[in-house]
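Q:
There are 2 protein chains.
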Amino acid sequence: MTTTTWQWVEAEALRRIRARDWAPGDRIPDEADLAQEFGCSRATVNRALQELAHAGWLERKRKAGTRVALIPVRKATFEIAIIRRDIESQGKRPGYRLLHKTTLLPPAAIRDSLRLDDGTELIHLTALHLADEAPFCLEDRWLNPTTPGLDQADFERVSANEWLVQNAAFSGGGIEFFALPANVEVAQWFACPLGEALFAVERTTWAGATPITAVRLTYAPGYRMITTI
Amino acid sequence: MTTTTWQWVEAEALRRIRARDWAPGDRIPDEADLAQEFGCSRATVNRALQELAHAGWLERKRKAGTRVALIPVRKATFEIAIIRRDIESQGKRPGYRLLHKTTLLPPAAIRDSLRLDDGTELIHLTALHLADEAPFCLEDRWLNPTTPGLDQADFERVSANEWLVQNAAFSGGGIEFFALPANVEVAQWFACPLGEALFAVERTTWAGATPITAVRLTYAPGYRMITTI
DNA sequence: TAGTGGTCTAGACCACTCA
DNA sequence: GAGTGGTCTAGACCACTAT
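If you read the sequences in order, they're chains A and B.
So the mapping is simple: the working numbering equals the position in the first sequence, first residue as 1, plus 1430.
So the mapping is simple: the working numbering equals the position in the second sequence, first residue as 1, plus 1430.
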C-alpha cells in the first residue's frame, strides 16, 4: 500500500476530525500553516483538504477559512451500470427479451417529467431482463424519437438500457428509488403474488435541455441495491 | 459563470468524447500533447482528465495512456443525511418518539452482519420519526454498547440516527436498498394495509474493524428517495 | 481592504506497466 | 527499458468574501 503525501495529509486531517482535535464548527489552520507543519507544499495540503471537503467533512470558504462541518454529510455513490453487467457481476447469465414497442402519446406524468409539448409522441418500449433465464428486471421506457442514431438501434437484440448508455450523449438527469406493489402484468412476469413489494427505480435523462428518456425499472422480488460508504 | 482552465479542458474533452472525435476504446493524445494543444500546463490537463476518469468517461493507465471508456459508468451520489433534516427539507416539522430500548442478544442476521461473537449483547432501539405529526420513518437499530460516549446519549430526546452522525467516528459501512411488505407492527404505525409495499434501507457502519451499528429504516408508504446524476 | 482558498505554471522525479 | 500518468514543489496571481 503506497501512500502519497496528499493521502497522508488527508488521513491525518481526518484523524484529527474524528479525535475532535478539530471539533465540529472549529476553524482549522490555513493551508500555509498546515503545509509548514506537515513539511509539504501548499498545493499538496490543498489537494488533501479538497478531498475532505468533497466528502463532506470540511466546509471551505475564501477569507473565512476552513471549518469542520457541523453535520458531516456522508455521501454514498453508486454506479449507474448496464443491467446486463449487474446480472453478470452476480455470476448469472444475462438474458433479454423485448416485449413491446410502439410510438404513441405518453401519459401526462411522463410528458410532464420530460417537459414535453402536448402533442409530442414518444417511443414506448417494455422489455424483460433475465438472470439465468429467471425474470430479473422489467424495463418500461419512453424514448425521445429524435435522439440521434436511434433509427439504427435494434432493440430486439440490444436493450435500450445498454444502447443508450453507449450511444446517447447525456448530461444529467434525476433518479428516484421507491417501493411498488406488483400489478397484474408485473406479477405475471415475476410469477409472484399480486401486490408483492417490489423495488423500483425511475430515471429521467437529458442531453442539456433535450429529454432523452424516462424509464422505470421494476426488479424481481427480493432484489437489493447494494453499495458502500 | 466563471470557467477555469481545467474546467474548460474537461468540457472540451467531454465534447470530443460525445461527438465521437474520441470514440469508445480509442486512445487519446497524452497529457503533454494536449497541454501544448490547449496552451496550458500538463498539470492542468491532468486535473481535467482525472475528473473525467473519476466520472467514468476515461480509463487511464500509466504507459498504456488514456482511453475513452467502452462502457461509461455513470456514478450517482446521494447524501446520507440526518432524517430530521430530510424531513425539514420537505418543509415539514420533524418529530421523534423513542418506542423501545433494551439490551439483548441480537438475532443471527444482525450478529453476522456485524461479525460479532455469539455471546455479545447489543442495545436494541426502535423509534418513530414524524413529519408534521404523521409517521414518516420507522427506525430499528442495533447498537454496539461499547461505542464511546454512548452512555451520555439521551435517546429519548435525540434520535440515535442524529447522535451517531454527530458523535460516532465511523470509517465506512454498507448500505442496501430494497422493498418490504408491511408487517403487523409497521402497518399499525403507518396506518396502512398489511403487506403494503414499503421502501427500506439497511445500513451497517464501522469504526475501522469495530462495528458501531446496524439499522433498518422503513419509510412510510409513498416515500421516494430522490437524487440527481 | 485584506485574508484565504482556487488555480496555474514549469519543471522535476517517481511509479507503474507495456513491450 | 522506456513511455505515460501520478505526484510534488515553489512561486505566482486571481477570486471571493468577511470585516
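Glycine is no exception: its CB is placed at the ideal position from the N, C-alpha and C atoms.
For the segment 1591-1600 of chain A against the segment 1606-1617 of chain B, do three or more pairs of beta-carbon atoms, one drawn from each stretch, fall closer than 8 Å, so that the two count as touching?
A: Output reads no: the segment 1606-1617 of chain B does not touch the segment 1591-1600 of chain A.
Q: E1626(B) and P1641(B) - do their beta-carbons sit closer together than 8 Å?
A: Here residue 1641(B) refers to the residue found at position 211 when the second sequence is read from its first residue. Here residue 1626(B) refers to the residue found at position 196 when the second sequence is read from its first residue. Contact: no.
Q: From this set, C1470(A), E1489(A) and S1471(A), which residue's C-alpha is nearest I1458(A)'s C-alpha?
A: Here residue 1458(A) corresponds to residue number 28 of the first sequence, with the count starting at 1. For I1458(A), the nearest C-alpha among the options comes from E1489(A).
Q: Taking only beta-carbon positions, decide if Y1526(A) is within less than 8 Å of chain B.
A: For the purposes of this step, residue 1526(A) is taken as the residue at position 96 of the first sequence. Not an interface residue.
Q: Give the residues of chain B in contact with L1661(A), contact being defined as C-beta atoms less than 8 Å apart.
A: The structure shown has nothing for residue 1661(A), since chain A only spans 1431 to 1659.
Q: Is E1509(A) close to chain B, meaning its C-beta is less than 8 Å from at least one C-beta of that chain?
A: Position 79 of the first sequence, counted from the start, is the residue given in the question as residue 1509(A). Answer yes: the Cβ-Cβ gap between E1509(A) and chain B drops below 8 Å somewhere.
Q: Where does the unbroken beta strand (DSSP E) through A1637(A) begin, and where does it stop?
A: As a working note, residue 1637(A) is residue 207 in the first sequence. Under the DSSP assignment, A1637(A) falls in the beta strand (DSSP E) whose first and last residues are A1627 to A1637.
Q: Which residues in chain B have a C-beta closer than 8 Å to the C-beta of T1654(A)? List them in chain order.
A: For the purposes of this step, residue 1654(A) is taken as the residue at position 224 of the first sequence. Reading off the sequence shown, one finds Arg at residue 1654(A), where the question assumed Thr. Simply E1606, F1607 and F1608.
Q: Does the distance from the C-beta atom of W1593(A) to that of P1536(A) stay below 8 Å?
A: Locating residue 1593(A) in the first sequence gives position 163, counting from the first residue. Locating residue 1536(A) in the first sequence gives position 106, counting from the first residue. Not closer than 8 Å, so no.
Q: Going by Cα to Cα distance, which pick from A1506(A), S1519(A), R1523(A) and Q1437(A) is closest to G1486(A)?
A: Counting from 1 along the first sequence, the entry for residue 1486(A) is found at position 56. Of A1506(A), S1519(A), R1523(A) and Q1437(A), the residue nearest in Cα terms is A1506(A).
Q: So that I know if they touch, is there some Cβ in chain B lying closer than 8 Å to that of T1532(A)?
A: Along the first sequence, read from residue 1 onward, the residue named residue 1532(A) stands at position 102. Answer no: the Cβ-Cβ gap between T1532(A) and chain B never drops below 8 Å.
Q: Does the structure place the segment 1647-1659 of chain B close enough to the segment 1557-1576 of chain B that three or more beta carbon pairs sit under 8 Å?
A: yes
Q: Does the segment 1511-1522 of chain A come close enough to the segment 1471-1487 of chain A that 3 or more CB-CB pairs lie under 8 Å?
A: no
Q: On the DSSP letters alone, give me the boundaries of the beta strand (DSSP E) that R1571(A) sits inside.
A: On the first sequence, position 141 is the one that residue 1571(A) refers to. From DSSP, the beta strand (DSSP E) with R1571(A) extends over A1564 to L1573.
Q: Taking just the CA atoms, how far does R1497(B) sit from D1456(B)?
A: In the second sequence, the residue the question calls residue 1456(B) occupies position 26. In the second sequence, the residue the question calls residue 1497(B) occupies position 67. Roughly 5 Å between the two C-alpha positions.
Q: Less than 8 Å between the C-beta atoms of G1525(B) and I1656(A), yes or no?
A: As a working mapping, residue 1525(B) is identified with position 95 in the second sequence. As a working mapping, residue 1656(A) is identified with position 226 in the first sequence. Contact flag unset, no.
Q: Mind checking whether L1628(A) and A1609(B) have CB atoms under 8 Å apart?
A: On the first sequence, position 198 is the one that residue 1628(A) refers to. On the second sequence, position 179 is the one that residue 1609(B) refers to. Taking 8 Å as the Cβ cut-off, L1628(A) and A1609(B) qualify as a contacting pair.
Q: Just checking: is the beta-carbon of L1658(A) within a distance shorter than 8 Å of some beta-carbon in chain B?
A: Locating residue 1658(A) in the first sequence gives position 228, where the first residue counts as 1. First, the amino acid is wrong: residue 1658(A) is Thr here, not Leu. Yes, because at least one Cβ of chain B sits closer than 8 Å to the Cβ of T1658(A).
Q: With 16 as the cutoff for other CB atoms within 10 Å, does R1461(A) come out buried or exposed?
A: Mapped onto the first sequence, residue 1461(A) falls at position 31. The sequence as given places Glu at residue 1461(A); Arg does not occur at that position. When all chains shown are included, E1461(A) counts as buried.
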